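Chemist:
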Amino acid sequence: MLIKAISKLYVSVLALTCVFLSTWAQAADSPYGQCSDSSVTESSQQVIPLDPNTPAEFTADQAKRNENGIATLEGAVQMTRGTQTVDAEKLEYDENNKNVVASGNVRAEDQQLIITSQAAELNLETDYAKSEDASYIYKPLHASGKAKSIERSSADLVRFEDTTYSTCEEDDRTWELSADEVELNKSTGDGIGRDVLVKFKGVPIFYTPWIRFPIDDRRKSGFLAPTIGSSNDSGFELETPWYWNISPNKDAIFSPRLLTDRGLQLKSNFRYLNKKSAGQLGLEYLDDSEFKDDRYLASFEHISQFTSNLKLDLLYNKLSDENYFEDLGDGLGLSSTQYVERHGDLSYQTDHWDFLARAQSFQIADESLPNIDKPFKRIPQIKLDSDYYNLPGGFDFGSESEWVQFEHDDKIDGDRLHLGIELERPFESNAYFIRPGARLNYTEYDLNRRDGVDDKPTRSIPSAHLDAGLIFEKNLKKSAHIQTLEPRLYYLHTPFRNQDDIPVFDSAEYEFGFEQLFRDDRFSGSDRIGDADRLSIGLTTRVLDLENGAEKFRASIGRIFHFRDRKVALPGESRDGADSSEVAAELKIGLHDRWEAIASTLYDTHDDHTERNSVRFQYHSENDFIFNMGYRYRRRDIEPIDSLSNRRENLEQSDISMVLPINEHWRAVTRWNYDLQEKRNLEQLVGVEYDTCCWKLRLAGRRYNQNTDEDYNNSIELQLVLKDLGQIGSPIGELLERGIRGYDARDDEYF
């Protein structure tokens with residue numbers, strides 16, 4: 000019948016849009032709140048396929064049948080077939096060949112589609128259908144359009160003449176796609192459009208005389224959304240990606256990128272997916288007229304999952320120069336990258352054992368980073384770890400073993416073997432826990448050194464700990480919440496072993512905070528194992544929702560008390576002789592779903608100053624007003640860098656961002672990241688966004704810099720989003736999502 004014959008109409012126009020921009024997104028919940036046309040509503044009903052044997056039923060004010068088997072129905076005619084209906088002023092049905100001819104205000108509807116015309120014909124057996132001067136509404140996407148002719152010659156082939164498509168309201172077609180002819184082939188999963196034109200505000204913004212496009216989930220080759228922007232480093236930028244669907248498990252993207260101040264950059268990315276492996280290969284090349292040299296980036300990623308336990312992971316990156324990301328990256332994320340990684344990992348995991356064989360190296364990607372600060376190569380690294388819980392007697396057992404060959408051009412390197420075993424016997428209930436445990440670490444080295452110091456040092460260090468805590472609970476009156484009080488003690492004893500003759504390959508001191516009160520070593524890696532004779536005291540209180548267990552409030556405070564000086568230190572750092580640590584405190588408040596506050600502090604009672612502060616606050620109202628405020632402070636114990644002002648290079652930054660709805664359509668966005676010590680801006684962003692039922696426009700100005708020795712990067716970016724069609728311009732939505740916590744660009748809604 001008619002509905003069945005043209006139920007794929009929406010695919011044609013949507014597919015045209017996909018090829019025009021081919022930018023895909025998930026549909027958000029109820030994206031059409033600003034649309035006032037009540038005739039175009041969302042369809043949340045599940046689509047039920049029509050049984051081809053479903054009989055058709057007819058009703059009318061008048062009906063007659065002649066001797067040739069032709070029935071004529073007039074006046075409020077309705078034909079019903081399952082969930083599909085056809086209404087008309089007049090309908091003729093030929094019982095011999097199952098032909099139906101409808102005329103006079105014809106309206107055909109199913110679960111997703113509405114079509115109106117003055118005349119239509121169809122055949123209930125052959126699936127042939129034709130409608131003249133038709134208008135349609137596709138309910139799930141709030142889309143509508145017209146076609147001079149819609150003809151379905153078979154179950155797989157549909158042809159449209161002089162057709163249009165838009166998600167805008169009928170009386171305000173801000174954007175509209177039109178085509179002289181569209182042909183859809185369900186068997187091949189693609190379609191062909193001729194003379195395809197997209198207009199915005201009546202102005203043509205895209206045209207192609209011929210185009211092939213997908214009409215189902217099968218991928219098709221074609222152009223993707225262009226990216227347009229400008230910056231003071233590279234000038235005007237235009238990138239036009241082209242997607243190549245090589246095979247069902249392989250594809251590629253070729254992206255010429257024009258930079259008016261540098262030249263034409265060629266970018267490509269090849270992807271593949273097999274039953275047990277996946278990967279991608281990326282290449283970028285630019286003959287940079289500003290840099291006066293060839294520049295390139297090569298990258299390769301591969302993962303093979305041979306079995307549920309055995310996995311291979313390969314990663315390779317190669318840059319032409321250390322300024323590549325700074326000059327050619329797309330913002331703070333890449334421009335602040337210090338080095339790129341290369342590795343080959345082979346891992347095997349079971350319920351109790353983890354094995355890893357790795358080769359790893361790095362390339363510097365930041366000109367300000369000296370080569371001596373580059374991480375060591377690990378060629379190779381072999382690790383084998385185990386965990387067993389609830390063994391006979393209630394014990395937990397863990398072990399770790401690692402052999403690494405470290406390499407570095409400017410530092411002492413060599414081999415390291417590390418073995419560690421740990422045994423713990425927990426005693427736990429809902430009201431308390433007691434976890435006594437012991438650990439033994441053994442490490443030996445084979446070093447390449449010429450300073451006369453032992454090149455084969457060894458180290459064996461035992462340690463013991465006792466972790467204990469209580470959990471008190473009480474119901475809060477007149478509230479569906481409980482409050483807990485959780486005191487905790489953690490004692491750690493690790494004897495001192497002199498480790499000054501051991502180089503540092505991968506060890507660093509953990510940043511101190513509340514969670515570090517209960518860690519068994521203050522160093523990461525295996526080159527330093529901190530001596531300890533200490534007691535950590537912590538107290539936490541929480542407010543929990545009885546209904547769902549959600550944490551509405553948490554406050555924690557704690558401190559470490561040392562019974563002897565710490566003698567183990569990293570090279571160049573002094574030993575710690577304080578009898579206690581800083582006071583560490585954390586606070587999280589989320590009593591209401593609309594706002595949240597998180598704060599942490601580190602206070603030194605010996606010198607009476609704050610070592611570190613961090614505050615983050617967010618408010619998100621029902622009308623999508625968003626306000627974020629962040630502050631972080633870190634004191635750095637170094638010599639004054641300015642003898643006249645005695646100024647120290649502390650870290651102190653603020654970060655404020657906001658999304659401000661102005662009215663139904665307009666909202667402003669802003670972010671300000673400021674260095675309070677240097678008294679300079681790290682990033683400034685100001686933009687506006689205009690949002691309607693069917694399109695959205697974003698305009699943003701951005702200025703950012705993380706290095707005081709370099710000029711600011713300035714850019715003005717524009718993005719036009721045609722909902723359920725695609726986007727043109729810079730991906731500002733992604734930028735705002737990264738920079739403004741709570742901002743959501745998913746309602747851009749393009750198919």
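The sequence shown begins at 0 in numbering that gives the first Met the number 0 and counts up by one.
Even glycine gets a Cβ: it sits at the ideal position worked out from N, Cα and C.
Owing to the predicted nature of the structure, the values given are computational and were not obtained by experimental measurement.
(1) Starting from Ile536, trace the beta strand (DSSP E) both ways and give me its first and last residue.
(2) Do Asn67 and Asn98 come within 8 Å of each other at the CB atom, strictly closer than that value?
(3) Lys376: which of Gly392, Asp386 and Ala358 sits nearest, CA to CA?
(4) Could you tell me if Gly393 is buried or exposed, where buried requires 16 or more neighbouring beta carbons within 10 angstroms of its beta carbon?
(5) Consult DSSP for Asp372 and reduce its assignment to one of helix, strand or coil.
(6) Which same chain residues, not among the five before or five after Phe299, have their C-beta less than 6 Å away from its C-beta?
(7) Where does Arg635 land, buried or exposed, given buried means 16+ other C-beta within 10 angstroms?
(8) Could you spell out the range, first to last residue, of the alpha helix (DSSP H) harbouring Arg80?
(9) DSSP state of Ile460, grouped into three classes?
(10) Is the number of C-beta pairs between the segment 91-106 and the segment 115-130 that are closer than 8 Å three or more?
(11) Using DSSP's beta-bridge definition, name the partner residues of His492.
(12) How would you label Asn389, buried or exposed, when you count the other beta carbons within 10 angstroms and need 16 or more for buried?
(13) Say the cut is 7 Å; is the CB of Phe299 nearer than that to a heavy atom of the ligand GDP?
(14) Taking C-alpha atoms, which residue in Thr226, Thr604 and Ser462 lies nearest to Ala732?
(15) Anyone know if the C-beta pair for Pro240 and Leu258 falls short of 8 Å?
(16) Under a Cβ-count criterion, where at least 16 other Cβ atoms within 10 Å of its own Cβ denotes burial, should Ile739 be classed as buried or exposed?
(17) Can you give me the start and stop residues for the alpha helix (DSSP H) that Tyr323 sits inside?
(18) Residues in the same chain with beta-carbon distance under 8 Å from His351, minus the five sequence neighbours each way, listed in chain order, please.
(19) Are the beta-carbon atoms of Ser765 and Asp505 separated by less than 8 Å?
(20) Could you spell out the range, first to last residue, of the alpha helix (DSSP H) harbouring Leu735?
(21) Can we say the segment 538-554 touches the segment 473-482, given the rule of at least three CB pairs closer than 8 Å?
(22) Return helix, strand or coil for Lys587, following the three-state DSSP convention.
(23) Taking Tyr137 and Leu112 to be in contact with their CB atoms under 8 Å, please state how far apart those CB atoms are, rounded to whole angstroms.
(24) Give a yes or no on contact between the segment 227-247 and the segment 200-210, applying the rule of three or more CB pairs nearer than 8 Å.
(25) Pull up the CB-CB distance for His417 and Thr457, whole angstroms please, since I reckon it's below 8 Å.
(26) Taking the beta carbon of Asn447 as the centre, do at least 16 other beta carbons fall within 10 Å, making it buried, or is it exposed?
(27) Identify every run of the beta strand (DSSP E) within the segment 138-208, keeping only runs that are complete inside it and at least 3 residues long; order them along the chain.
(28) Return helix, strand or coil for Gln111, following the three-state DSSP convention.
(29) Would the beta-carbon of Phe562 fall within 8 Å of that of Arg533?
(30) State the CB to CB distance for the pair Lys373 and Ile381, rounded to an integer number of angstroms; the pair is presumed to be in contact (CB under 8 Å).
(31) What three-state label does DSSP hand Ser642 in the structure shown?
(32) Per DSSP, what kind of secondary structure is Gln498 in: helix, strand or coil?
(33) Could you work out which residue in Thr600, His301 and Trp671 is closest to Leu311 when comparing CA atoms only?
(34) Give the secondary structure of Glu756 by DSSP, where H, G and I count as helix, E and B as strand, and everything else as coil.
(35) Alpha carbon to alpha carbon, what distance is there between Leu735 and Arg541?
(36) Tell me the DSSP bridge mates of Gln480?
Modeler: In this structure, then:
(1) Here the beta strand (DSSP E) through Ile536 covers Ala531 to Asp544.
(2) In this structure, Asn67 does not lie closer than 8 Å to Asn98 by Cβ.
(3) Among Gly392, Asp386 and Ala358, the Cα nearest to that of Lys376 is on Ala358.
(4) When all chains shown are included, Gly393 counts as exposed.
(5) In the structure shown, Asp372 sits in a helix (DSSP, three-state: H, G or I).
(6) If we look at Phe299 and ignore the five residues flanking it on each side, its Cβ neighbours are Leu280 and Tyr315.
(7) Burial state of Arg635 is exposed, judged by a 10 Å Cβ sphere holding fewer than 16 other Cβ atoms.
(8) Following the DSSP letters along the chain, one finds Arg80 in no alpha helix (DSSP H) but inside the beta strand (DSSP E) bounded by residues Ile69 to Arg80.
(9) In the three-state reduction of the DSSP assignment, Ile460 falls in the strand class, which pools E and B.
(10) Remark: three or more beta-carbon pairs, one from each stretch, lie closer than 8 Å, so the segment 91-106 and the segment 115-130 are flagged as touching.
(11) Beta-bridge partners of His492 (DSSP): Ala463 and Asp532.
(12) By the neighbour-count rule (16 or more Cβ atoms within 10 Å), Asn389 is not buried but exposed.
(13) Of the ligands one can find in the structure shown there are none, so the ligand GDP has no counterpart to examine.
(14) Here the sequence assigns Gly to residue 732, which means Ala is not the residue at that position. The option with the nearest alpha carbon to Gly732 is Thr226.
(15) No Cβ-Cβ contact shorter than 8 Å links Pro240 with Leu258.
(16) It counts as buried.
(17) Boundaries of the alpha helix (DSSP H) harbouring Tyr323: Tyr323 to Leu327, taken from the DSSP string.
(18) The beta carbon of His351 sits closer than 8 Å to those of Ser385, Asp386 and Tyr387, all from its chain and outside the five residues before and after it, given in chain order.
(19) Any property of residue 765 remains undetermined from this structure, which presents the chain solely from 0 to 750.
(20) From DSSP, the alpha helix (DSSP H) with Leu735 extends over Ile731 to Gly738.
(21) Yes: the two stretches touch, three or more of their Cβ pairs being nearer than 8 Å.
(22) The answer is strand: DSSP assigns Lys587 an E or B state.
(23) For a cut-off of 8 Å, the C-beta gap from Tyr137 to Leu112 is around 6 Å, short enough to register as a contact.
(24) Touching, no, given that fewer than three Cβ pairs across the two stretches are closer than 8 Å.
(25) Beta-carbon to beta-carbon, His417 and Thr457 are separated by about 11 Å, too far to satisfy the 8 Å threshold.
(26) Counting every other CB atom within 10 Å of its CB across the protein chains shown gives Asn447 a total below 16, marking it as exposed.
(27) Within the segment 138-208, the complete beta strand (DSSP E) runs of at least 3 residues are 142-151, 156-164, 174-184 and 189-199.
(28) Looking at Gln111 - three-state DSSP - the assignment turns out to be coil, as it is neither helix nor strand.
(29) Yes, they are a contact pair.
(30) The C-beta separation of Lys373 from Ile381 comes to about 22 Å, leaving the pair out of contact by the 8 Å criterion.
(31) Caution applies to Ser642, whose pLDDT of 37 falls short of 50 and renders its modelled position unreliable; the value that the coordinates give is listed next. Residue state for Ser642 is assigned as coil, using DSSP reduced to three classes.
(32) Residue state, collapsed to three classes: coil.
(33) That would be His301, whose Cα lies nearest to the Cα of Leu311.
(34) This structure cannot settle anything about residue 756, because the visible part of the chain is limited to 0 through 750.
(35) Those two C-alpha atoms are separated by around 33 Å.
(36) The sequence given here has His at residue 480, not Gln. Beta-bridge pairing links His480 to Asp544.
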